[in-house]
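Enquirer: Line by line, the protein sequences give chains A and B. Just so we're aligned, residue 9 is where the first sequence starts under this note's numbering, counting upward by one. Just so we're aligned, residue 1427 is where the second sequence starts under this note's numbering, counting upward by one. Glycine included, every Cβ here is placed at the ideal spot set by N, Cα and C. Note that the structure is predicted; figures quoted are calculated from it, not measured. There's a structure below that I have some questions on.
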Amino acid sequence: GVRVHLVCDMANPLRGEVIKLYKTLLYLGREYPQGAAYFRERLKSAFMKNKDVTDPEKIKQLVARGDFVIKELEALYFLRKYRAMKKRYYEPEK
Amino acid sequence: MPQKLGYLDCLSSGTPVVTLSCGPLPPQIRVKPDNTAVVTDGVKHSMNPFCEIAVEEAVKLKEKKLIKEVVAVSCGPQQAQFFDSDFCLTQETIRTALAMGADRGIHVEVSGKDYETLGPLQVSKIMAALAKKEDAQLVILGKQAIDDDCNQTGQMTAALLDWPQGTFASEVTLEGDKVKVVREIDGGLETIKINTPAVVTADLRLNTPRYATLPNIMKAKKKKIANVKPADLGVDLTSRLEVLRVDEPPQRQAGMKVETVEDLVCKLKETGRV
């Protein structure tokens, strides 16, 4: 699962990045195979688990992990769609 | 020397897609009880996959500075389409293209009965009129829409404009005022060189479309979408086709397992297949 965090300290400059990451993941989660609600639950709990992290280095690491998950989701959706197209319209390769 | 070319992209709007759900109840495509059409209410719609590839190709050419501008075009109703949604599908499709990198959009308003009967002939008339109006040098479309599988719009557009066409493109290269297109054909690949202005239709292997990320979608909100009526373009949308009936394909019969080759031959003979 995603291990990122929700920074409660208003003054922390990384707060914006974290929120942006959450929004992006939430948006991507709409097309998740097991459903948007399933994804949203797990996304929220993953973020809440790390809400007390304050070390900026640790936060940056967690955000990078979140970015990695974004790339994984995009790859999943792409493969899903194009495998379907390939199967539907093209002869299987011999 | 980068060329200054204007581009037009055609998007198929309102394409019903069966969402490839891995969950326990995959959505089914159903025929309406009166057998007039497929049920589209409540079915998830998104941009036709071949059109996504077309948009990606146009944006790539712009990023290589080979073309000046990418214009995304889609035809459909102005108002929200489904009772349980408050967004306009056609606008959403255009916004996705803008998020992928198109510069501006054109929403051709087609609604009601006209939209129900909108087919390749009507769309190609619209595209031809817009191509002339916008002084486009290249029109890129998906090779076919996955709801009707017509594979006609690109070809008809080229014919109406009397432009050359490079269909089923798996590779597009601009060389001066010509376009080199590698086409996917039954026997393999065919390479042709055509003059611009030209029409190109995108096949699956042309490229890998980028995902329209949330930040890009936000930025795309600032890009303009013009509204145009077919009448303004002098296009008559009358359909020459009448749908008589729509039926689901016959239920697939369950297969039978046999133990030996002799059994198989026996069964084949029984059912009159040999």
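#1: Within this structure, are the beta carbons of B:Lys1649 and B:Ala1480 separated by less than 9 angstroms?
#2: So, helix, strand or coil for B:Leu1694, using DSSP?
#3: Quick check: the region 1557–1571 of chain B against the region 1661–1675 of chain B, are at least 3 beta-carbon pairs closer than 8 angstroms?
#4: Quick one: using the 10 Å Cβ neighbour count with 16 as the cut-off for buried, is B:Ser1500 buried or exposed?
#5: On a CA-only basis, which of B:Ala1562, B:Met1473 and B:Ala1554 is nearest B:Ile1520? Give me that one, please.
#6: Quick one: is A:Thr62 near chain B, going by C-beta distance under 9 angstroms?
#7: Answer with yes or no whether the minimum CB distance from A:Leu22 to chain B is below 9 angstroms.
#8: I want to know whether the region 77–88 of chain A touches the region 31–45 of chain A - three or more CB-CB distances under 8 angstroms.
#9: According to DSSP, is A:Lys52 helix, strand or coil?
#10: Who are the Cβ neighbours of A:Glu25 in its own chain at under 7 angstroms, not counting the five residues just before and after it?
#11: Under 9 angstroms Cβ-Cβ, which residues of chain A neighbour B:Pro1546?
#12: Can you tell me whether B:Ser1550 is buried or exposed, with buried defined as 16 or more other CB within 10 angstroms of its CB?
#13: So B:Met1682 and B:Lys1693 are supposed to be a Cβ contact under 8 angstroms. How far apart are they, rounded?
#14: How is B:Asp1512 classed by DSSP in three states: helix, strand or coil?
#15: Cβ of B:Asn1665 within 9 angstroms of Cβ of B:Leu1632?
#16: Can you tell me where the beta strand (DSSP E) holding B:Glu1685 begins and where it ends?
#17: With DSSP collapsed to three states, give me the class of B:Val1465.
#18: Since B:Cys1501 is in the beta strand (DSSP E), which residue starts that stretch and which ends it?
#19: What are the residues in the region 24–51 of chain A lying within 7 angstroms of chain B by C-beta distance?
#20: On the premise that B:Leu1640 lies in contact with A:Tyr35, defined as a C-beta separation below 8 angstroms, what is that separation, rounded to the nearest angstrom?
#21: Please report the distance separating the alpha-carbon of B:Lys1458 from that of B:Ala1555.
#22: So which residues on chain B does A:Lys95 lean against when the C-beta distance must stay under 8 angstroms?
#23: Which same chain residues, not among the five before or five after B:Leu1600, have their C-beta less than 6 angstroms away from its C-beta?
#24: Below 7 angstroms CB to CB, which residues in the same chain sit around A:Leu81 once its five sequence neighbours on both sides are set aside?
#25: Go to B:Glu1601, then tell me how far its beta strand (DSSP E) extends in each direction, as first and last residue.
#26: Let me know the secondary structure DSSP gives B:Ile1618 once reduced to three states.
#27: Leaving aside the five residues before and after B:Gln1677 along the sequence, list all residues of the same chain whose C-beta is less than 7 angstroms from its C-beta, in chain order.
Expert: On the basis of the coordinates in this document:
#1: no
#2: Looking at B:Leu1694 - three-state DSSP - the assignment turns out to be helix.
#3: These segments do not touch.
#4: Flag for B:Ser1500 reads buried.
#5: B:Met1473
#6: no
#7: no
#8: Enough Cβ pairs lie closer than 8 angstroms, so yes.
#9: helix
#10: Val71
#11: Chain A residues near B:Pro1546: none, gap ~17 angstroms exceeds 9 angstroms.
#12: buried
#13: 7 angstroms
#14: Interpretation of B:Asp1512 is limited by its pLDDT of 49, a score under 50 that renders its predicted location unreliable; the figure taken from the coordinates is listed afterwards. Coil.
#15: It is worth fixing the name first, because residue 1665 of chain B is Ser in this sequence and not Asn. Not closer than 9 angstroms, so no.
#16: That residue, B:Glu1685, is in no beta strand (DSSP E); it is neither H nor E in DSSP.
#17: coil
#18: Glu1495 to Gly1502
#19: Lys31, Thr32, Tyr35, Pro41, Gln42 and Gly43
#20: 5 angstroms
#21: 34 angstroms
#22: Per Cβ cutoff of 8 angstroms: no residues; A:Lys95 is ~11 angstroms from chain B at best.
#23: Only Leu1492 meet the Cβ criterion.
#24: Leu36
#25: Per DSSP, the continuous beta strand (DSSP E) segment holding B:Glu1601 begins and ends at Gln1591 to Glu1601.
#26: strand
#27: none
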